[in-house]
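2 protein chains.
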Amino acid sequence: MLSEKQKQLVEKIGIYFEHSMPPAAARILALLIVSDQDSFCFDDIRANLNLSKSATSNGINALLGVNKIEYYTKTGDRKRYFKWKPNSTIGHFKTEIEKILGLNILLEDALHLKKDKDSHNAQMLAELSDLMHYLYQETSSIYELWRTNKQQIQ
Amino acid sequence: MLSEKQKQLVEKIGIYFEHSMPPAAARILALLIVSDQDSFCFDDIRANLNLSKSATSNGINALLGVNKIEYYTKTGDRKRYFKWKPNSTIGHFKTEIEKILGLNILLEDALHLKKDKDSHNAQMLAELSDLMHYLYQETSSIYELWRTNKQQIQ
DNA sequence: CTTTTAGTTCTACATTTGCAGAACCAAAAG
DNA sequence: CTTTTGGTTCTGCAAATGTAGAACTAAAAG
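Chains R and X are the protein sequences, given in the same order.
Using my numbering, read the first sequence as starting at 1 and increasing by one per residue.
Using my numbering, read the second sequence as starting at 1001 and increasing by one per residue.
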């Protein structure tokens, strides 16, 4: 089903996703992204990744829970067919950037609590804050630009 | 030494940093960022954070290893005085963005391995790639802009 | 040479995490 | 009603992490 290279890539992407989810879920998501097969049922996933039923079940449900995958069904077939939700990846990029900005908010709090606002640390915190605000404006407008661009094409 | 609010903030920032380092190291870094005290020796850190010697030692050395803190010494004093390296935080923001772009490279690999480049998934991968390239250009020029801006001020 | 200082390294342990395999369950098929 | 299907939930359990506390060490002080 997957070429050897695709298998390796599933592992690589899986390792990447491990920073925000358990290994099994990470591999499942990677599989759905990399494969040429457009959807996978429970046992397809199990078979491709050599996972136990519990790991498969928990992984799938975790991914459904964070909206990174979805499923559809066929009439007269109790199986669920799982697919990657590509939009979730845009969301992923977005939340990663928001995490970065989240630290910045904490650093600003640190600055506000400083007794001496002119100390070197305080000045550095202020500079970082500046940079991050600039970055925030730029990145949020990137989303706007990209979305309107998309709409024009469609 | 730290106000109650600062203590709480050390914990908050500590939790943030836990995503990339052990709890003790995360708290040490947060302490050095938040405190008004401009530098901390080994036992200052220990005392402020209620850490064991081993946790303190390992934490400090981990942070030195990834260049997030530095130390200086005083003549006739064997102690090392540790300080946060604010530049490392710019580096942190930068590497976080690079991580995001790192996923994009993997997604591009996935696209290249697709047999059917016109499938929905493949098209979505291509779109994501586009967006990320755009984001990359914008964010890298942000650093440039910010740096030249900094130089003009100084 | 002995003691103190400033810190490192070692040992043990408690906690957490994630998975396998088995038992389980509800709905549909026979 | 019994069996099959498509999962879910419930034990363990193994590996990884991170920390405390104690033992240790190297350099300097006495």
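A virtual CB, placed ideally from N, CA and C, is assigned to each residue, including glycine.
Predicted model only: the values in this text are computed from it and were never measured.
Residue i - DSSP class collapsed to helix/strand/coil
| i | result |
| --- | --- |
| residue 1155(X) | Outside the displayed span of chain X (1001 to 1154) sits residue 1155(X), for which this structure offers no information. |
| residue 18(R) | coil |
| residue 117(R) | coil |
| residue 1074(X) | strand |
| residue 85(R) | coil |
| residue 1079(X) | strand |
Any chain R beta carbon closer than 8 Å to residue i
| i | result |
| --- | --- |
| residue 1121(X) | yes |
| residue 1088(X) | no |
| residue 1001(X) | no |
| residue 1131(X) | yes |
| residue 1063(X) | no |
| residue 1096(X) | yes |
| residue 1100(X) | yes |
| residue 1033(X) | yes |
Pair within 8 Å by beta-carbon distance, residue i and residue j
| i | j | result |
| --- | --- | --- |
| residue 138(R) | residue 1142(X) | yes |
| residue 1106(X) | residue 28(R) | no |
| residue 104(R) | residue 88(R) | no |
| residue 1034(X) | residue 1010(X) | yes |
| residue 1031(X) | residue 1048(X) | yes |
| residue 100(R) | residue 82(R) | no |
| residue 1110(X) | residue 1131(X) | no |
| residue 1079(X) | residue 1041(X) | yes |
| residue 118(R) | residue 1036(X) | no |
| residue 1(R) | residue 62(R) | no |
| residue 113(R) | residue 1140(X) | no |
Closer than 7 Å at the beta carbon, the chain R residues around residue i
| i | result |
| --- | --- |
| residue 1022(X) | By Cβ distance, chain R contributes nothing, its closest Cβ being about 15 Å from residue 1022(X), past 7 Å. |
| residue 1114(X) | 36 |
| residue 1103(X) | 16 |
CB contact check: residue i to chain X, cutoff 8 Å
| i | result |
| --- | --- |
| residue 77(R) | no |
| residue 40(R) | no |
| residue 110(R) | yes |
| residue 82(R) | no |
| residue 51(R) | no |
| residue 128(R) | yes |
Within chain R, the residues that residue i reaches when beta carbons sit closer than 8 Å
| i | result |
| --- | --- |
| residue 1005(X) | 113 |
| residue 1009(X) | 106, 109, 110 and 113 |
Neighbouring residues, chain R, relative to residue i (Cβ below 9 Å)
| i | result |
| --- | --- |
| residue 1070(X) | Within chain R, no residue comes near residue 1070(X); the closest Cβ sits about 13 Å away, beyond 9 Å. |
Under 8 Å by beta carbon: chain X residues contacting residue i
| i | result |
| --- | --- |
| residue 134(R) | 1142, 1145 and 1146 |
| residue 139(R) | 1135, 1138 and 1139 |
Contact set between residue i and chain X, taken where Cβ atoms lie within less than 7 Å
| i | result |
| --- | --- |
| residue 12(R) | 1106 |
Can we say the region 52–62 of chain R touches the region 1092–1111 of chain X, given the rule of at least three CB pairs closer than 8 Å? Touching, no, given that fewer than three Cβ pairs across the two stretches are closer than 8 Å.
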